[in-house]
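If you read the protein sequences in the order shown, they are chains A and B. Residue numbers for the first sequence follow the numbering used here, so the first one is 138 and each next one is one higher. Residue numbers for the second sequence follow the numbering used here, so the first one is -5 and each next one is one higher. Notes follow the structure.
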Amino acid sequence: MPTISVDKAELFKELGREYTTEEFDELCFEFGIELDEDTSESKKPEDLAQPPQLKIEIPANRYDMLCFEGIAMNLRVFLEKQKLPKWTLSAPAGGELQTLTIKEETTRIRPLCSGVVLKGIEFTQARYDSFIALQDKLHQNLARQRTLVSIGTHDLDTVKGPFTYEALPPEQIEFIPLNQTKKMNGKQLMEFYEKDKHLGRYLHIIRDSPVYPVIYDSNRTVLSLPPIINGNHSKITLDTKNVLIEITALDKTKVEIVNHMLVAMFGSYAESIEPLKIISPHNNETREAPDLTPREMQAEVDYLNQVTGLDLPAQEICKLLERMGYTAKPSSSSEKLLDVSVPITRADVLHQADIMEDLAIAWGFNKLPRIYPNKTAAVAAPLPMNKLGDIVRFEAAASGWSEVMPLILCSHEENFEWLNRKDSGGVAIKLANPKTAEYQIVRTSLLPGLLKTISSNRHHSVPIKIFEVSDVGFIDLSQERKSRNERHFAAAIMGKTSGFEQVHGLLDRIMLMLKSAFITREDGLKNEGLEGYWIEEVDDPTFLAGHAASIKLNIAGKNHTIGVFGILHPSVLQKFELPYPVSTVEINLAPFL
Amino acid sequence: MPGTRGPVPVVSESKGDLAHDVLQLLDQKQPLHTSEDLPQVPQPEIKAALDRLASRSMVQYETSDREDVILTKEAQTIVEEGSHEFKVWDAVKKNGGLPVKELEKHVGKDSAKVGQGNAFRNKWIKKDGDNLVLVAQEVEDTARELLRKIGETKSLDDKKVLTDLKKRKLITLSKVISYTVSKGPKYAKEIPVEVTDLTAEMLANGSWESANFKPYNFNALGASQNAGALHPLNKVRQEFRNIFFNQGFVEMPTGHFVDSGFWNFDALFVPQQHPARDMQDTFFISDPPKADKPRADPDTEAQMDAMEEGARRLFATPEKRDIKPRDYEQYFQNVKDVHEKGAFGSIGYRYPWSEDECLKLVLRTHTTAVSTWVLHRLAEDPRPARYFSIDRVFRNETVDATHLAEFHQIEGVIADFGLTLGGLMKFLEDFFSKMGISNLRFKPAYNPYTEPSMEVFGYHIGLGKWVEIGNSGMFRPEMLEPMGLPKDLRVYGFGLSLERPTMIKYGVSNIRELLGHKVDLEFIRTQHAVRLDKN
């Protein structure tokens, strides 16, 4: 969620009264934003350097509150101090619109462009700063770090239309970037900003493309190289009176949302808002931008009332919706419907469910009637695997072993090399983007977690006896998700002696509780009808030679190898930094379901 | 503070049997005053012997402590030889006058210095030229007498004199603990032979009847149990499961850590450009590479059937229910449409939707992915239903005291006709009251798959402030209607992490002390049983 810092005194001036921190926190709570911090009392040097700020967290879909102007306006509307303004376009004095022609080559890199002209704007330092900060917030959030949308703003009086949006090889684009003195071409610019902390992270968006997007005026002056940087020539200053905004994008919806936000937040500082004529025949995007007409929607009165649990007449609903920026009236077509105009600021409103939520906010979430309408009886049931797992957990604990919960993600070597196991491929689920080497795969065995737990508890006296019942994961191409979990039970003991009989005894105990009888290997192999478990010596490099056994199970007429137990090989102990002998047992619980 | 383990402390035999001596002495004299009768024995040894006897009711004793006035070495010399001034007077008298210079030779340096002045002041002697001559023929050495008395009584009532003597380093004060001992109800001259425990042999030969049992130390802990233990987090999990079971919830099949973008995001109406789908927030899977499009999953289906059999049996009616088989193709298309073009009364997000992005595999970021699957299943036969799950979820977070890459999500889902937002608040009030949290507040919030969305705040008495304890909302029509659920079937969803309430409740400030391999086994073994309603 974005956090916006606003001047406390200025905001309270806009709201027409002083608030204590608690009162303002309460207002935010009711409106659905969050007061993160009031710096009035802060002693930090950066806070003392400026007037007290309110740091406000804004829901990620409220692009209309990413700057001081938007927060003040929406709160004023909510507090019924004003109605939401209606933004309208005016024709320029001479009647001729500024035009921007989009060349077809731009489809190769960044096909869309929109824009608007703000005439007769009056900047102050605070407004100017807010204007820049809003662009930055939009770039970070809605525009996904400028990949989807990017904004360029220009002093219209320094350039001359008509404008063109083109895509050219980087070497052919030459200009002085914003706040620089040296002219450079597109290629040089990439090198120049390579190490730049702020801009360096956007270069990848176009760097490897054969053509770079660029906006020119009629004198071939470069306005900007989206989404990286503007030209220095057309830079806006505090004295700028007429602003040309150009917005390039990959996404048709978002380019207009951004346009709307800039107009709604800063249009009121301008004498007029003038459209830009976009000429883009190759993709049918020729139009005048922006379209400031509110979006007309309908909402069902019954739906609004039912879900909120209210019983309000249509008129009253309309009045409440006004506090959230809507213009609503009972529909002329049906008394069961409302005609709702959604202002350009409310890009987050997609469905009448959004209108319903706003009605609930205007009414007050915490004033809604709290009555539980659900009278339906229900029958509970546990997941069979969890029920089985719990049986094993309780029996292991009752046998004197302590339950541990290590992590499911682990490194590749803990799961394989350290246990002397080979990754034959196609077994372990691998992560594409872990932040650390600790998390490379989903474990295929519970042993690494148990051994790491013992290792971090070496300071305790031995014997240490621990167990875990939890899932491991495997690649399984037969599944929709190409993988599956398997519920395992595992235990480990570290002591002065190996503890081999201890894990064996625990296995016997669990098997007894799961109603599986011990049978000899001969009997098990001879008689397929004989149910029970037996153990067979096995050669497994995880364990000391001659001290490992695989666990076989005959259940429901089928033979399974469900696990293995044994004394860990000294090389395994060394890897996990275990000073004493350790024996382990691990079985798959699935066959017992 | 609990007592220490082990038997009652007993004086070791090698030091001579003091307890025995006490019994002998008591036979002759009662009460005993240890300071007089056993002046040489160190106090701790006396205490141990008396405790041993008292625990057997053989003696009773009272403790008194007082401050003794003790003479210093210098004072003792005065008591033996007389005060400095007396020594000076005596020397002058014996020699019938004495030159000042020679006094030191007769009485020593210390006495000459201090004694001369005092003897002048007492008008015992005077100076006559260079000679000291006698004034008083007979003197009384009061200083010596005072110290002698103090030496005998070890006390001095006059506080002023006491302070003066202390300053002159003639006395020191010492705290003395002494005991007044008398015979107890079971007094005897000898300690009877004792047995430490009742044995099978004693039962067999009847000796238990006459046996003298060594008393048990009721101030100590009992024997340590080599007990196994369940993990505290799983104990809290069990409490939550019980709350859900008591409310008729069916547990959801969460047995797959890996899910597709479709189930984890797209079907939940999370747009493909949402920050949650960033590499920074979600673990993507490199192997296996890609999920299939959603399709039937008979194994998981069978688990659900088994769990819901009870409800089906109980609520069975003569008329046959209409089952509308799921159409996975249609569902997939509906999800695509509602994102890309809008559908089901929504204008949608209107962006080019990518099937490739949708079929990417991820480690599930929430178990709501499973709720989605279960709700799609419900569309076959839309009816009131309640589901829950508590299982592991994964976030590609930078690990710190409150964040791990894995944690447990508690998730509840209620589907019914005619649900209201206030009803969800009421339900949550009831739900959280079972963990001792009453007085809930709800804050409007944003969540891509619920509308309205509410953050749940509870007043934490211990912390004295409102804390966020969970998230909740009603699933968006854009999530439910593509599944084929009817428009008037509304669905509550609510969730919280298992770790957070556990940490708040048990004062754990670092999540790594609760989950993962670094947890201390002693912590696991000593955490008390979890009773959420009892604190």
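Glycine is no exception: its CB is placed at the ideal position from the N, C-alpha and C atoms. Note that the structure is a prediction, hence the values are computed from the model and not measured.
Beta-bridge pairing of residue i - partner residues as DSSP gives them
| i | result |
| --- | --- |
| residue 109/A | With chain A covering 138 to 730 only, the question about residue 109/A has no answer from this structure. |
| residue 567/A | 578/A and 281/B |
| residue 184/A | The partner list for residue 184/A (beta bridge, DSSP) is empty, contrary to what the question assumes. |
| residue 235/A | 413/A |
Cα-Cα separation, residue i to residue j
| i | j | result |
| --- | --- | --- |
| residue 152/B | residue 125/B | 37 Å |
| residue 342/A | residue 364/A | 8 Å |
| residue 498/A | residue 492/A | 10 Å |
| residue 91/B | residue 139/B | 26 Å |
| residue 150/B | residue 143/B | 9 Å |
| residue 524/A | residue 246/B | 13 Å |
| residue 148/A | residue 285/A | 32 Å |
| residue 6/B | residue 175/B | The pLDDT assigned to residue 6/B is 42, lower than 50, so where the model puts this residue is not dependable, and the model offers no usable value. |
| residue 418/A | residue 330/A | 34 Å |
| residue 387/B | residue 520/A | 18 Å |
| residue 264/A | residue 226/A | 21 Å |
| residue 728/A | residue 414/B | 44 Å |
| residue 369/B | residue 328/B | 15 Å |
| residue 474/B | residue 321/B | 14 Å |
| residue 253/B | residue 363/B | 8 Å |
| residue 428/A | residue 371/B | 42 Å |
| residue 397/B | residue 270/B | 16 Å |
Residue interval of the beta strand (DSSP E) (run including residue i)
| i | result |
| --- | --- |
| residue 464/A | 464 to 467 |
| residue 611/A | 601 to 612 |
| residue 252/A | 249 to 256 |
| residue 372/A | Where residue 372/A is concerned, there is no enclosing beta strand (DSSP E), given that its DSSP letter is neither H nor E. |
| residue 647/A | Careful: residue 647/A lies outside any beta strand (DSSP E), inside the alpha helix (DSSP H) at 637 to 650. |
| residue 402/B | 400 to 411 |
| residue 351/A | 349 to 353 |
| residue 175/A | 171 to 175 |
Chain B residues whose Cβ lies nearer than 9 Å to that of residue i
| i | result |
| --- | --- |
| residue 445/A | 414, 415, 416 and 446 |
| residue 198/A | 440 and 442 |
Start and end residues, alpha helix (DSSP H) containing residue i
| i | result |
| --- | --- |
| residue 136/B | 136 to 147 |
| residue 206/A | 205 to 215 |
| residue 190/A | Counting along the chain, residue 190/A falls outside any alpha helix (DSSP H), though it belongs to the beta strand (DSSP E) covering 190 to 194. |
| residue 520/B | 515 to 520 |
| residue 555/A | Careful: residue 555/A lies outside any alpha helix (DSSP H) and carries neither H nor E. |
| residue 500/B | 493 to 500 |
Amino acids of chain B, ordered along the chain, whose beta-carbon sits closer than 7 Å to that of residue i
| i | result |
| --- | --- |
| residue 156/A | By Cβ distance, chain B contributes nothing, its closest Cβ being about 18 Å from residue 156/A, past 7 Å. |
| residue 370/A | Going along chain B, no residue has its Cβ under 7 Å from residue 370/A, so there is no contact; the nearest lies around 33 Å. |
| residue 522/A | 249 |
Chain A contact residues for residue i, given Cβ-Cβ distances below 8 Å
| i | result |
| --- | --- |
| residue 254/B | 617 and 618 |
| residue 285/B | 617, 618 and 619 |
| residue 390/B | 570, 571 and 572 |
| residue 470/B | 488 and 490 |
Chain-ordered chain A contacts of residue i [CB-CB under 7 Å]
| i | result |
| --- | --- |
| residue 291/B | 617 |
| residue 244/B | 517 and 518 |
Proximal residues of chain B, C-beta to C-beta of residue i below 8 Å
| i | result |
| --- | --- |
| residue 540/A | 222, 223, 224, 225, 228 and 518 |
| residue 537/A | 220, 221 and 222 |
| residue 448/A | Near residue 448/A there are no residues of chain B at all, since even the closest Cβ is about 11 Å away, more than 8 Å. |
| residue 390/A | 343, 344 and 345 |
Any chain E beta carbon closer than 7 Å to residue i
| i | result |
| --- | --- |
| residue 250/B | The chain inventory of the structure shown lacks chain E, comprising the protein chains A and B. |
Within chain A, the residues that residue i reaches when beta carbons sit closer than 9 Å
| i | result |
| --- | --- |
| residue 308/B | 514 and 516 |
| residue 262/B | Within 9 Å Cβ-Cβ: nothing; residue 262/B doesn't reach chain A, min ~14 Å. |
Please list the segments of the beta strand (DSSP E) lying wholly inside the stretch 395 to 482 of chain A, counting only runs of 3 or more residues, in order along the chain. Runs of the beta strand (DSSP E) inside the stretch 395 to 482 of chain A: 409 to 416, 424 to 426, 432 to 437, 464 to 467 and 474 to 479.
Length at least 4, wholly inside the stretch 286 to 322 of chain B: the alpha helix (DSSP H) runs in chain order: Restricting attention to alpha helix (DSSP H) runs no shorter than 4 residues, the stretch 286 to 322 of chain B encloses them at 292 to 308, ordered along the chain.
Which runs of the beta strand (DSSP E), 3 residues or longer, sit entirely within the stretch 423 to 484 of chain B? Here the runs fully enclosed are 434 to 441, 444 to 454 and 459 to 469.
Only counting runs of 4 or more residues, tell me where the alpha helix (DSSP H) segments fall wholly within the stretch 309 to 386 of chain B, in order along the chain. If we require 4 residues or more, the alpha helix (DSSP H) runs fully inside the stretch 309 to 386 of chain B come out as 322 to 334, 349 to 352 and 362 to 372.
Alpha helix (DSSP H) segments (min. 4 residues) lying fully within the stretch 35 to 98 of chain B: Listed in chain order, they are 37 to 48, 67 to 75 and 78 to 89.
Uninterrupted beta strand (DSSP E) stretches inside the stretch 677 to 728 of chain A (no shorter than 3 residues): Segments of the beta strand (DSSP E) lying fully in the stretch 677 to 728 of chain A: 680 to 692, 695 to 705 and 719 to 725.
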